[in-house]
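Enquirer:
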Amino acid sequence: MSKPPEIEMSGIIKRFDDLVAVNHVDLDIERGEIHAIVGENGAGKTTLMRVLFGLYKPDEGIIKIRGEEVHFQNPNDAILHKICMVHQHFMLFDHLSVTENIIYGMEPRFWVFVDYNKARSQVEALSAKYGFNLKPDARLGTLSVGERQQVEIVKTLYRGADVLILDEPTAVLTPQERDELFKVLRGLAQQGKTIIFITHKLREVMALSNRASVLRLGKRIGTVNTSETSIPELARLMIGREMFLQVEKSERVAGEPVLSVENITLLEDYKRPLLKNISFQVCSGEIVGLAGVAGNGQTELVDILVGLRHGTEGSIRLNSVDITACSVQQRRHVGLSYIPEDRYQRGLAVSASVVDNLVMGFQRKESISRYGWMDARAMLNWAARLAQEYDIRVAKLDETAGNLSGGNLQKVVLAREFSHHTRFLLADQPTRGVDIGATEFIHRRLMERRNAGDAVLLISADLNEIMTLSDRILVICNGEIVADIPSGQATEAQLGLLMSGTMRLIGECQE
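Residues in the sequence shown are numbered from 70 upward in steps of one, following the working numbering.
What follows is the structure in structure tokens.
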């Protein structure tokens with residue numbers, strides 16, 4: 070007699086008021102399988118997995134674990150059945166050590182005291198067994214994003230997990246960290262662990278998973294063996310139509326400089342340079358891509374460009390106006406739009422409504438306010454138009470923004486920033502955490518801005534995105550611009566060497 074699947078979900082329905090987020094979904098996952106849950110933002114992927122993890126109770130349907138029907142009241146019940154979830158936004162404490170984060174809530178005891186030495190040994194043993202490279206005594210706040218994710222995974226293994234659910238596990242990882250994560254996940258599967266990962270990145274689905282289940286508008290469209298499908302076929306299942314995965318980029322001659330950055334330098338309190346003599350221009354009618362490994366000065370440069378901090382030396386001109394000492398609001402007025410990397414901390418007020426977030430920063434425009442007073446009806450009409458145009462999936466526009474999925478939150482930011490015409494757009498990781506349909510839409514909008522004569526500075530950890538969209542590529546390493554090359558002359562291997570500091574191109578390349 071064959072063993073039952075590790076996970077069986079039958080007829081699962083989950084409603085939120087009038088919105089049916091999960092609609093009669095059946096799903097089975099085998100032991101030792103890497104199974105991708107794929108779909109657009111708002112397709113029901115995370116909701117379905119939160120039902121499996123006990124965060125939500127299904128309105129209808131049956132869940133079986135290893136052939137036994139279960140009724141989870143909360144995540145603790147799921148953990149008792151050896152199911153754990155690594156959330157997209159890590160639930161860790163920066164001020165505690167790696168060991169303290171991993172054992173939190175399940176500390177080994179010696180009488181009434183926490184047995185830290187035993188805990189440390191257990192963390193070391195788990196790390197060694199599953200191929201992690203973690204320092205048990207390191208403070209979490211000193212770790213990279215990839216290392217923090219490893220801590221989250223070891224935390225689940227410490228709790229005895231046989232099934233690991235990972236929600237958008239690569240959304241905040243560099244390519245190198247992503248590859249390391251995939252190596253770890255394959256090793257876990259080989260040792261009998263079942264891996265479920267929620268994603269919309271189809272290249273990663275093809276590279277990692279054994280099977281993929283596609284959700285669309287809350288329903289399971291189908292489950293396919295990844296060895297027997299293709300990226301275009303998965304895209305068609307996700308979106309319900311053929312996808313145009315290549316961006317058409319016409320030849321253009323860049324116009325006059327819109328943004329001019331001259332000799333920007335930023336020193337830390339103890340005089341170590343974070344940025345060193347950064348100089349470049351972004352001209353009208355071009356997209357300039359900025360490539361670099363995370364932590365090489367991109368964040369500091371963005372902060373200085375948008376006015377969140379000021380450089381130690383140097384100047385910035387936008388539309389021929391010196392904005393070096395200007396505030397964020399003044400830079401907005403001069404003509405800067407900004408899509409931030411962190412939509413939660415910078416892009417949105419998650420406790421405010423969707424309507425408020427869609428007008429935020431532009432609330433003084435005549436179309437939204439009258440005689441200094443904000444017009445509620447005008448705001449609602451404006452938000453409704455943007456929600457429809459950008460496919461923001463929300464039950465009610467006055468709903469709290471924090472209730473939306475990550476991808477829908479990103480669409481709120483994009484809708485707000487794209488809907489007001491400015492001559493310069495700073496797009497920092499604009500497609501991070503959004504599905505393939507939204508990525509196609511964002512790429513098309515960026516190209517429209519470029520073709521209309523606007524200037525775009527694109528910062529992305531996705532080299533394929535940088536190379537596809539950019540007219541020129543800047544490479545930043547250790548706080549310096551080490552290359553400025555036409556995108557047509559750049560190769561991924563060359564960019565990798567420049568990003569790692571292995572090579573450097575001095576001066577501008579000849580066209």
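Ideal placement from N, C-alpha and C gives every residue a C-beta, glycine not left out.
Tell me the DSSP bridge mates of glutamate 102?
Expert: Walking along the sequence shown from the start, residue 102 turns up at place 33. BP columns for glutamate 102 are empty, so no partner.
Enquirer: Just to confirm, is the Cβ distance from leucine 257 to isoleucine 264 under 8 Å?
Expert: Position 188 of the sequence shown holds residue 257. Position 195 of the sequence shown holds residue 264. It is a contact, given that the beta carbons lie within the stated cut-off.
Enquirer: Please state whether the Cβ-Cβ distance between leucine 195 and tyrosine 173 is less than 8 Å.
Expert: Taking the sequence shown and counting its residues from 1, one reaches residue 195 at position 126. Taking the sequence shown and counting its residues from 1, one reaches residue 173 at position 104. No.
Enquirer: Give me whichever residues DSSP pairs with tyrosine 459 in a beta bridge.
Expert: Taking the sequence shown and counting its residues from 1, the one referred to as residue 459 is at position 390. In the DSSP output, where bridge partners are listed per residue, tyrosine 459 has none listed.
Enquirer: Smallest Cα separation from serine 319: which of Ser79, Ser539, Pro74?
Expert: Within the sequence shown, numbered from 1, the residue matching residue 319 stands at position 250. The shortest C-alpha separation from serine 319 is found at Ser539.
Enquirer: Could you round the C-beta distance between valine 424 and alanine 452 to whole angstroms and report it? I think they count as a contact, below 8 Å.
Expert: For this step, residue 424 is matched to residue 355 along the sequence shown. For this step, residue 452 is matched to residue 383 along the sequence shown. Indeed they touch by this definition, with Cβ atoms about 4 Å apart.
Enquirer: Measure the Cβ-Cβ separation of leucine 161 and leucine 209 and say whether it is below 8 Å.
Expert: As a position in the sequence shown, residue 161 is number 92, starting the count at 1. As a position in the sequence shown, residue 209 is number 140, starting the count at 1. Yes, these two residues count as a Cβ contact at 8 Å.
Enquirer: Suppose you measure from the CA of arginine 135 to the CA of glutamate 77; what does that come to, to the nearest Å?
Expert: Residue numbering aside, residue 135 sits at position 66 when the sequence shown is read from its first letter. Residue numbering aside, residue 77 sits at position 8 when the sequence shown is read from its first letter. Arginine 135 and glutamate 77: Cα-Cα distance of roughly 8 Å.
Enquirer: How many Å lie between glutamate 580 and proline 555 at the Cα?
Expert: The residue given as residue 580 occupies position 511 in the sequence shown. The residue given as residue 555 occupies position 486 in the sequence shown. Residue placement at glutamate 580 is poorly supported in this model, since its pLDDT is 37, which falls under 50; the coordinates still yield a value, given next. So the two alpha carbons sit approximately 7 Å from each other.
Enquirer: Using only the alpha-carbon positions, how far apart do arginine 247 and aspartate 146 sit?
Expert: One-based indexing of the sequence shown puts residue 247 at position 178. One-based indexing of the sequence shown puts residue 146 at position 77. If I take the Cα positions, the gap works out to 30 Å.
Enquirer: Can you pull the DSSP bridge partners for glutamine 350?
Expert: One-based indexing of the sequence shown puts residue 350 at position 281. In the DSSP output, where bridge partners are listed per residue, glutamine 350 has Ser329.
Enquirer: Please list the terminal residues of the continuous beta strand (DSSP E) segment that includes lysine 133.
Expert: Residue numbering aside, residue 133 sits at position 64 when the sequence shown is read from its first letter. Unbroken beta strand (DSSP E) run through lysine 133: 129–134.
Enquirer: Is it the case that the Cβ atoms of asparagine 426 and alanine 470 are separated by a distance below 8 Å?
Expert: To locate residue 426, count along the sequence shown from 1; it is residue 357. To locate residue 470, count along the sequence shown from 1; it is residue 401. Yes, they are a contact pair.
Enquirer: For aspartate 163 and glutamine 157, what's the separation of their Cα atoms in angstroms?
Expert: The residue given as residue 163 occupies position 94 in the sequence shown. The residue given as residue 157 occupies position 88 in the sequence shown. Cα to Cα, aspartate 163 sits roughly 16 Å from glutamine 157.
Enquirer: Count the other CB atoms, across all protein chains shown, that sit within 10 Å of the CB of alanine 562; report buried if there are 16 or more and exposed otherwise.
Expert: Working through the sequence shown from its first residue, we reach residue 562 at position 493. Flag for alanine 562 reads exposed.
Enquirer: Measure the alpha-carbon distance for phenylalanine 122 versus cysteine 153 and round it to whole angstroms.
Expert: The residue given as residue 122 occupies position 53 in the sequence shown. The residue given as residue 153 occupies position 84 in the sequence shown. Cα-Cα distance, rounded: 7 Å.
Enquirer: Please classify glycine 406 as buried or exposed, where buried requires at least 16 neighbouring CB atoms within 10 angstroms.
Expert: As a first step, residue 406 must be located in the sequence shown, where it is residue number 337. Inspection of the sequence shows that residue 406 is occupied by serine rather than by glycine. Flag for serine 406 reads buried.
Enquirer: Of the residues Asp531, Lys252, Thr537, Lys204, which one's Cα is nearest the Cα of valine 192?
Expert: What you label residue 192 is simply residue 123 of the sequence shown in a count that begins at 1. Measuring from the Cα of valine 192, the nearest candidate turns out to be Lys204.
Enquirer: Counting along the chain, where does the alpha helix (DSSP H) carrying methionine 275 start and finish?
Expert: Walking along the sequence shown from the start, residue 275 turns up at place 206. Looking at the DSSP string, the run of the alpha helix (DSSP H) that includes methionine 275 is 271–277.
Enquirer: Measuring only the C-alpha atoms, how far is valine 544 from isoleucine 356?
Expert: As a working mapping, residue 544 is identified with position 475 in the sequence shown. As a working mapping, residue 356 is identified with position 287 in the sequence shown. Each residue's alpha carbon lies about 14 Å from the other.
Enquirer: Residues in the same chain with beta-carbon distance under 6 Å from valine 89, minus the five sequence neighbours each way, listed in chain order, please.
Expert: Taking the first residue of the sequence shown as 1, we reach residue 89 at position 20. Gly287.
Enquirer: For aspartate 510 and isoleucine 542, what's the separation of their Cα atoms in angstroms?
Expert: By one-based count along the sequence shown, residue 510 stands at place 441. By one-based count along the sequence shown, residue 542 stands at place 473. Before going on, a small fix: residue 510 reads as phenylalanine here, not aspartate. Their Cα atoms are separated by approximately 22 Å.
Enquirer: Label serine 296 either buried or exposed according to how many other C-beta atoms from any shown protein chain fall within 10 Å of its C-beta, with 16 as the threshold for buried.
Expert: Residue 296 sits at position 227 when you count from the first residue of the sequence shown. Per the 10 Å Cβ criterion, exposed.
Enquirer: Hey, how far is the Cα of lysine 151 from the Cα of alanine 507?
Expert: The residue given as residue 151 occupies position 82 in the sequence shown. The residue given as residue 507 occupies position 438 in the sequence shown. Using only the alpha carbons, I get a separation of about 35 Å.
Enquirer: Report back the beta-carbon spacing between valine 463 and leucine 473 to the nearest angstrom; my notes put them in contact at under 8 Å.
Expert: Residue mapping note: residue 463 aligns to position 394 of the sequence shown, counting from 1. Residue mapping note: residue 473 aligns to position 404 of the sequence shown, counting from 1. Right, their Cβ atoms sit about 6 Å apart.
Enquirer: Output the residue ranges of the alpha helix (DSSP H) runs that lie fully inside the segment 391–439 and measure 4 residues or longer, sorted by chain position.
Expert: Here the runs fully enclosed are 397–403, 423–428.
Enquirer: What are the start and end residues of the beta strand (DSSP E) that includes asparagine 143?
Expert: Taking the sequence shown and counting its residues from 1, one reaches residue 143 at position 74. Note, asparagine 143: premise wrong, no beta strand (DSSP E); not H, not E.
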